[in-house]
Ligand SMILES: Cc1cc2nc3c(=O)[nH]c(=O)nc-3n(C[C@H](O)[C@H](O)[C@H](O)COP(=O)(O)O)c2cc1C
Ligand SMILES: Cc1cc2nc3c(=O)[nH]c(=O)nc-3n(C[C@H](O)[C@H](O)[C@H](O)COP(=O)(O)O)c2cc1C
Ligand SMILES: Cc1cc2nc3c(=O)[nH]c(=O)nc-3n(C[C@H](O)[C@H](O)[C@H](O)COP(=O)(O)O)c2cc1C
Ligand SMILES: Cc1cc2nc3c(=O)[nH]c(=O)nc-3n(C[C@H](O)[C@H](O)[C@H](O)CO)c2cc1C
Ligand code: SF4
Ligand code: SF4
Ligand code: SF4
Ligand code: SF4
Ligand code: FES
């Protein structure tokens, strides 16, 4: 292991591969998946927010309304796209010793570009996102995709992956943003959607509300999965007489 | 002195990096199964934060004066490289320490808390001492949050909850409760 | 001799009298005087709010809990205690939501009775406090007839309550913090001061607690540790800086009495070891004074207890009893 | 942990892999850095004018608001313990205030920037006041992170903000103003702390700048 | 001695000794069949020496000791061996047992034998006589007594502690022994003191047995340093380590034997059994058993031949009542519930308690509410609450550092637990599970 | 400005690249990177069935050539092939072994004279009067083994017996340790003869407890190759060293179906089915 080379990207959450390993179906040698698969995977099956739980900081910090979530999602997608493209393009040229430093450099360049452009184009949104634009550099998602995908795949696949993952990220953020904005403010995209007498749940736009919202979303999803799994198969396990 | 105390208290409790500012959440959610690991990660993180505070101060002071928009790039490259070099040094010269802390270094050399610290420190124009106080406060707060989370998760490990509740959902709800509890520190020292 | 239908089970084959439901229901019953006093001071509104919180808690327990778990009585305690920490004029829908949140997220999600890390009643309250801060800090005055209503209990679910400004007042702690005004200790002891329903009569709460301690159903170390630390720390502060409130005021004001006697003692969320309980109580005491004196908020009992709840697993590990025949403590 | 993709795993290294020559490391990072600098610099050049214009516009609007639409203003810098119009050193780093004039070039007051902790994080604001009488002209919160729905009322609640267009420093935050003390400011119920923070920030700034301003005007000439 | 005498923690279960404490010991008639498991004691089972069809006299060996940590088993009645079979044992397993059809017309007199006169014997010969008589601890654990008479190298026994605490509810067999045979107990003490070379003996008796205290005090010979110490009535006062703490104020170090603090503890019944060896020459073939509980018609203190089936003993006591729910061998705190009443009384059987259904623990179990009562009950200061949570999830390895090994399964914790958690049961199988896992790893 | 920023970032890059280069030259600790890759390709179940302390140890030994990929009992054939291909080595061979239950006494064929009241786990029940089951040796049916099996290979069937799915079983031995009655053994999948009973009672005594118990009647001893089976202890025992001589004929006359001829899983609709499969 090179010292920083294999910076393990913490894959957390109910990582699906663990389950497959437990069933003894170890690491299938998949055939080259179609490009469309690269794209779709990031959107649902390996959704960065809802499944892989990467890039949690922006997910919590800026999703108190939908606009910010969308903006952050798209900004991240742009950075992903740019940096996966570059990393994939130069994947055979970068010496391992400075691999991470180079990746970060690439990412940081795109981030700064986005940062500056946002400030010029939509100062309001830029202000709302604050430091978290700059923090895209260290979003575990970006580094993770570079390491585990772009560094090993040809350019066209890396691009599809970036698009899918970016879109998935945006989707996840927007779901959070929508829930938090509607409950916490009574509005959606700034438009009042709840009745005027609606008492907003301030907690939703506070820090605890961020954790709580994602918690509830994840619980709902796993309840859903559980239900489906139960319907699909008789689970092995203890039979309580 | 009062100023330094406020920086420490504020970054540790009032604006706890993890629970209030939302920085460094990936390790907070991902590496808190064991108290010992979480604690070590927190210590390693504090260590990197201190390196960061120094690097950021150095860069702001001597390099980035004419082009502050290069902050993000410069910070991150310098921090990442510095951590890499330090990690290799520890690995070579203090293998025991490396086994305890070093293995976490790559994991955190590039997380949000680190860069966040550098950016906030620059935005607020802290000098070196203030920056170090900020780093120590933030690091302690991070360690606290990580360890608390881990100890609570170890307790919930023992519970007989349905499998549905064993995923990350519960962890996030716990985080939410911790964050609620930390709201009690709001305004501490400000009034 | 015919062999009867024998049952085999593990030893010991005898057990002590107290059972968990019995403990829970006795504690719940001991809250009755406090509920009545609240009603006396704040009118039927108080009773309605408590009932709504209890209903929210118990319905949720019924829906999400194991069958029959509602009869163990813990949800009833949670509901009533939550109700006691609310302002009497709170819309009933909020009280009910708080109860449901406290039980649903604060307890059932962790696996139900005994497995929760945070005090469910306080989780419910913290949720309400953060969600609806204005209604949660709008305190009706004491003094009207006990059959009158306060505030806007009947606000339609999920809508704004309408508050009539003239009928609200600041709590003794709020008065002190934001207005620099004190309140007489006698009023605090009797309880005819503004505040949440159950944080009024210190004397009554202490009496009820003492009865439970005497029955052996409640731990006395935690409240004693809290009172002692709060008294010591605030007396010291007062000595250094006379503008800080004195020990007696600190002890008698706000939710300290109810919180120490009924909430910090929740066995589930407090440490299980004796030394742990001292530490836990002392921690709460220090945090309460810290938040009240230096913090932004006038009152910190709820946050102090929740914070120490978070430390409980740690404290438990650190205070394992010394095992017989060993010189030192068992390692964690 | 990481999902290892078997495809493209590459041939196994025979033995200890030879380290990449250092010039390659230097070249890689150096080139990458230069290219990155190029890109970022270019984007910066492209955007800077708009960004600066926008920043200036925001500042202009804020000053105009808190000085009640002055005709023009001067920027005064604090250098060497006193205020000067044209500093000797680099003005970029000096603390400053904005001296406003009305159409007939009379001084109407100064706008001052100030920041201190609020309920959670720093509250930064700008306010205008007349150094002679101490009367406030206006206040605008530029940045705050206090609780949405509560603390953020110091920025959004107009009845709170409007009080700062007439009160006289030193201010005092009170609940339900009754008397007619010109220094009294009604705090927002539910956000007492944030409100009081505003009051405190203004009082501190006034205390800091007022003597300097009085000295400046007393000693200097009014154009 | 500055330290307060007594041990900390412990519980107060209802005593219910009044059912039998006033009833004199009676001899039960011989049953039609006795079944003698070869495994009745701690250590190695005895080695079979009879075969089907053999005739045995009362007191003849059916099994001999298999080495040092073992004792022989003797026939408790004259009769014919009808088989050697796997037979239900009171511990719930099956054990290889010798079935003997009792000769209905035999006089049941033992073969005439030489009664060793202990005073002329060397210590080793006393020990040998005790082993050959098959004497084991009658306090419950059935630990071979001769092993205890030879203290481990580099330890010295200074005090002989006779355990007359009998802290288990219902049981009164030791009580009756002390009231009725004080001289025999003291003769046994004399033998042991001689064999061990100790100068001091303390007989510890719970205060709820004033007649026993009186009787023993009255019988103490002047030439021996023997004292009777009344003890607080508290469970488990009779547990070895607690008793030593109560009497000497010293805690036996964790994982060590009492000998490490210079003490040897022996149950009064065992002491009396040693006396019998040197009085009558008879091996251990019968013992005193309390039959009690609301589920049995006529409670009694009986001398029962070892090997008598539980069914026969209970039937002799009038059988069990309509509402009987559980038959327990031993006391209700540590005793074992029986599934099969064909299991025989063994040397370690102190009592048979038949509980009425109304007395039984209910089946409903609640989660641990962390009330801490178990911590305040555990006499060895463990944290049963934490141990129980690990045990429930089968995390035995995590229990080891919490001193699982020090748990003596006394059941105090389960007794007080308001949630009715079977803590001591959890610990008993956790110990087994841990042992097994360690073996699997090794 | 553009040039300045190129200079700054380029400069920073060069400076730190030289730091890293210097550090690499002085401080590098080399480790075969293939170990990481192989460790990543292993299932990371850390079950220990291979006899090594964990998957990483297995990876190290595989790279060093001390152990063959196929000796991991969890990984599937594709995974083995992948590792073998990656390292360009022989995949090796492993005898597939599975857990077998030495009891066939489900609820339907055994007696339960008393009620056990308490925790519903085998470990707990077995510590109380044998758990209330008539047969003191037999399976309690409370599924500790199913809980212990991390691979989900064990399902409790309708009769309360654990059924091991050979495809999922990795022979890790967790069930062997978990069963308080010691009823599991690890056997090669290709061993067909199995006596599904451990009850040492003989003759009619055993039939009172269980209908499918081994009565030690000795018929299988006569029908099998000499010495393969013996009933001296009260239950039929198969001599594993003579397994090459096993033959389905041995089970033909068993009066209780206690001895079976297995092909794949146990309890494929109970003993009858396996008998039929042979016939
Ligand atoms: C979740 C929460 C957020 C709060 N946010 C603020 C805030 O942003 N600004 C503030 O001054 N007080 C805030 N508070 C403090 C309380 O509202 C405090 O009681 C109030 O400032 C003083 O009450 P009063 O004005 O009704 O007397 C907050 C309290 C809570 C529980
Ligand atoms: C392995 C083992 C060895 C023992 N060795 C001795 C010994 O050498 N001397 C002795 O006096 N007691 C010895 N004992 C007996 C114990 O001290 C104790 O008296 C016996 O286990 C019965 O204890 P109980 O009835 O309290 O459960 C030993 C016990 C065990 C389990
Ligand atoms: C919880 C517990 C309670 C016990 N209670 C008694 C008792 O009341 N009387 C007694 O003689 N032995 C009791 N014992 C057994 C003693 O610890 C000890 O083994 C015995 O006195 C040694 O004497 P023995 O070898 O002659 O049986 C108890 C053991 C335990 C673990
Ligand atoms: C002395 C005592 C105090 C209690 N205090 C609380 C409390 O403050 N809040 C609460 O929700 N439940 C309380 N309970 C009930 C119960 O322990 C609580 O609901 C558990 O946290 C549920 O797992 C208490 C119970 C007892 C016996
Ligand atoms: S059974 Fe074990 S843990 Fe429970 S009280 Fe007795 S010694 Fe303590
Ligand atoms: S007595 Fe029971 S409920 Fe109380 S702490 Fe112990 S195990 Fe838990
Ligand atoms: S095989 Fe063993 S562990 Fe499995 S159910 Fe039967 S008794 Fe229990
Ligand atoms: S636990 Fe038993 S059944 Fe499961 S995989 Fe391991 S050996 Fe096979
Ligand atoms: S630490 Fe992963 S996004 Fe912040």
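Residue numbers (the working numbering), protein chains in the order written: chain A, 4 to 244; chain B, 433 to 623; chain C, 1121 to 1452; chain D, 4 to 226; chain E, 290 to 731; chain F, 10 to 288.
All residues carry an ideal CB built from backbone N, CA and C; glycine is no exception.
Say yes only if the C-beta of residue 1241 of chain C is nearer than 7 Å to one or more non-hydrogen atoms of ligand 4, and no if none qualify.
As a first step, residue 1241 of chain C is located in the third chain; it is residue number 121 there, counting from the start. Yes, Cβ of residue 1241 of chain C sits closer than 7 Å to a heavy atom of ligand 4.
Mind pulling the chain E residues with CB within less than 9 Å of residue 123 of chain F?
Position 114 of the sixth chain, counting from 1, holds the residue named residue 123 of chain F. The contacting residues are 626, 627, 628 and 629.
Verify the contact flag: residue 214 of chain A, CB atom, against every heavy atom of ligand 3, threshold strictly below 7 Å.
By one-based count along the first chain, residue 214 of chain A stands at place 211. No, the Cβ of residue 214 of chain A stays beyond 7 Å of every heavy atom of ligand 3.
Please tell me whether, using a cut-off of 7 Å, the distance from the CB of residue 169 of chain A to the nearest non-hydrogen atom of ligand 9 is below it.
Residue mapping note: residue 169 of chain A aligns to position 166 of the first chain, counting from 1. Residue 169 of chain A: no, Cβ never under 7 Å from ligand 9.
Between which residues of its own chain and residue 694 of chain E is the CB-CB distance below 6 Å, once the five residues before and five after are set aside?
Taking the first residue of the fifth chain as position 1, residue 694 of chain E is located at position 405. None.
Check distances from the C-beta atoms of the segment 1234-1253 of chain C to those of chain A and list, in chain order, the residues that come in under 7 Å.
1247, 1250, 1251, 1252 and 1253
For residue 1236 of chain C, is the beta carbon positioned less than 7 Å from some heavy atom of ligand 4?
As a position in the third chain, residue 1236 of chain C is number 116, starting the count at 1. Yes, Cβ of residue 1236 of chain C sits closer than 7 Å to a heavy atom of ligand 4.
Tell whether a beta-carbon distance below 8 Å holds between residue 189 of chain F and residue 166 of chain F.
One-based indexing of the sixth chain puts residue 189 of chain F at position 180. One-based indexing of the sixth chain puts residue 166 of chain F at position 157. In this structure, residue 166 of chain F does not lie closer than 8 Å to residue 189 of chain F by Cβ.
Give me the Cβ distance between residue 542 of chain B and residue 506 of chain B, rounded to the nearest whole Å; I'm assuming they're in contact under 8 Å.
As a first step, residue 542 of chain B is located in the second chain; it is residue number 110 there, counting from the start. As a first step, residue 506 of chain B is located in the second chain; it is residue number 74 there, counting from the start. Between residue 506 of chain B and residue 542 of chain B the Cβ distance is about 14 Å, and since that is not below 8 Å, they are no contact.
Can you tell me whether residue 124 of chain F is helix, strand or coil according to DSSP?
The residue labelled residue 124 of chain F in the question sits at position 115 within the sixth chain. If DSSP states are grouped into helix, strand and coil, residue 124 of chain F belongs with the strands.
Just the C-alpha distance for residue 20 of chain F and residue 37 of chain D, rounded to the nearest angstrom, thanks.
Your numbering for residue 20 of chain F matches position 11 in the sixth chain. Your numbering for residue 37 of chain D matches position 34 in the fourth chain. In a straight line, the C-alpha of residue 20 of chain F is about 8 Å away from that of residue 37 of chain D.
Based on Cα-Cα distance, which residue from E:667, E:377, E:516 and E:347 lies nearest to residue 396 of chain E?
If you number the fifth chain from 1, residue 396 of chain E lands on position 107. The shortest Cα separation from residue 396 of chain E among E:667, E:377, E:516 and E:347 belongs to E:347.
Closer than 8 Å, Cβ to Cβ, to anything on chain B: give me those residues from the segment 107-129 of chain D, in chain order.
120, 121, 122, 123, 124 and 125
Output needed for residue 127 of chain F: all residues of its chain with C-beta closer than 8 Å, excluding positions within five of it in sequence on either side, in chain order.
Position 118 of the sixth chain, counted from the first residue, corresponds to residue 127 of chain F. Cβ within range, chain order: 133, 134 and 137.
Taking just the CA atoms, how far does residue 662 of chain E sit from residue 1333 of chain C?
As a first step, residue 1333 of chain C must be located in the third chain, where it is residue number 213. As a first step, residue 662 of chain E must be located in the fifth chain, where it is residue number 373. Between residue 1333 of chain C and residue 662 of chain E, the C-alpha separation is close to 14 Å.
When you measure from the CB of residue 715 of chain E to every non-hydrogen atom of ligand 7, does any distance come out below 7 Å?
In the fifth chain, the residue the question calls residue 715 of chain E occupies position 426. Because no heavy atom of ligand 7 lies under 7 Å away, the Cβ of residue 715 of chain E does not count as near it: no.
What does a CB cutoff of less than 7 Å around residue 680 of chain E pick up in its chain, not counting 5 residues either side in sequence?
By 1-based counting over the fifth chain, the position of residue 680 of chain E is 391. Answer for residue 680 of chain E: 688, 715, 716 and 719, listed in chain order.
Would you verify that the beta carbon of residue 1125 of chain C is, or is not, closer than 8 Å to some beta carbon of chain B?
Position 5 of the third chain, counting from 1, holds the residue named residue 1125 of chain C. Taking Cβ atoms only, chain B never reaches closer than 8 Å to residue 1125 of chain C, which makes this a no.
In or out: residue 32 of chain A buried (at least 16 other Cβ within 10 Å) or exposed?
Position 29 of the first chain, counted from the start, is the residue given in the question as residue 32 of chain A. Residue placement at residue 32 of chain A is flagged as unreliable, the pLDDT there being 44, under the threshold of 50; the coordinate-derived value follows with that caveat. Burial call: exposed.
Strictly closer than 6 Å from CB to any heavy atom of ligand 9: give me those residues in the order they appear in the chain.
A:58, A:59, A:60, A:142, A:143, B:456, B:457, B:458, B:543 and B:544
Close Cβ partners of residue 351 of chain E (< 6 Å) along its chain, the five nearest in sequence each way excluded:
By 1-based counting over the fifth chain, the position of residue 351 of chain E is 62. The answer, listed in chain order, is 325, 339, 362, 364 and 387.
Where does residue 43 of chain D sit, in a helix, a strand or coil, going by DSSP?
Within the fourth chain, the letter at position 40 stands for residue 43 of chain D. Residue state, collapsed to three classes: helix.
Say the cut is 7 Å; is the CB of residue 559 of chain E nearer than that to a heavy atom of ligand 3?
Numbered from 1 along the fifth chain, position 270 holds the residue referred to as residue 559 of chain E. Checking every heavy atom of ligand 3 against the Cβ of residue 559 of chain E, one is found closer than 7 Å.
Taking a Cβ distance cut-off of 7 Å, strictly less, list which residues of the segment 22-46 of chain D are near chain A, in chain order.
23, 27, 28, 31, 32, 35, 36, 39, 42, 43 and 46
Among B:463, B:620, B:471 and B:502, which one has its Cα closest to the Cα of residue 112 of chain A?
Here the question's residue 112 of chain A lines up with position 109 in the first chain. The shortest C-alpha separation from residue 112 of chain A is found at B:502.
Once you ignore the five residues that flank residue 552 of chain B on each side, which residues in its own chain have a CB closer than 8 Å to its CB?
Position 120 of the second chain holds residue 552 of chain B. Hits under 8 Å: 566.
Are the C-beta of residue 27 of chain A and some C-beta of chain D separated by less than 8 Å?
By one-based count along the first chain, residue 27 of chain A stands at place 24. In this prediction, residue 27 of chain A has a pLDDT of 36, which is less than 50 and means its spatial position is unreliable; what the coordinates show is noted afterwards. Not one chain D Cβ lies under 8 Å of residue 27 of chain A.
Counting pairs of beta carbons, one from the segment 462-482 of chain E and one from the segment 377-386 of chain E, are three or more of them closer than 8 Å?
no
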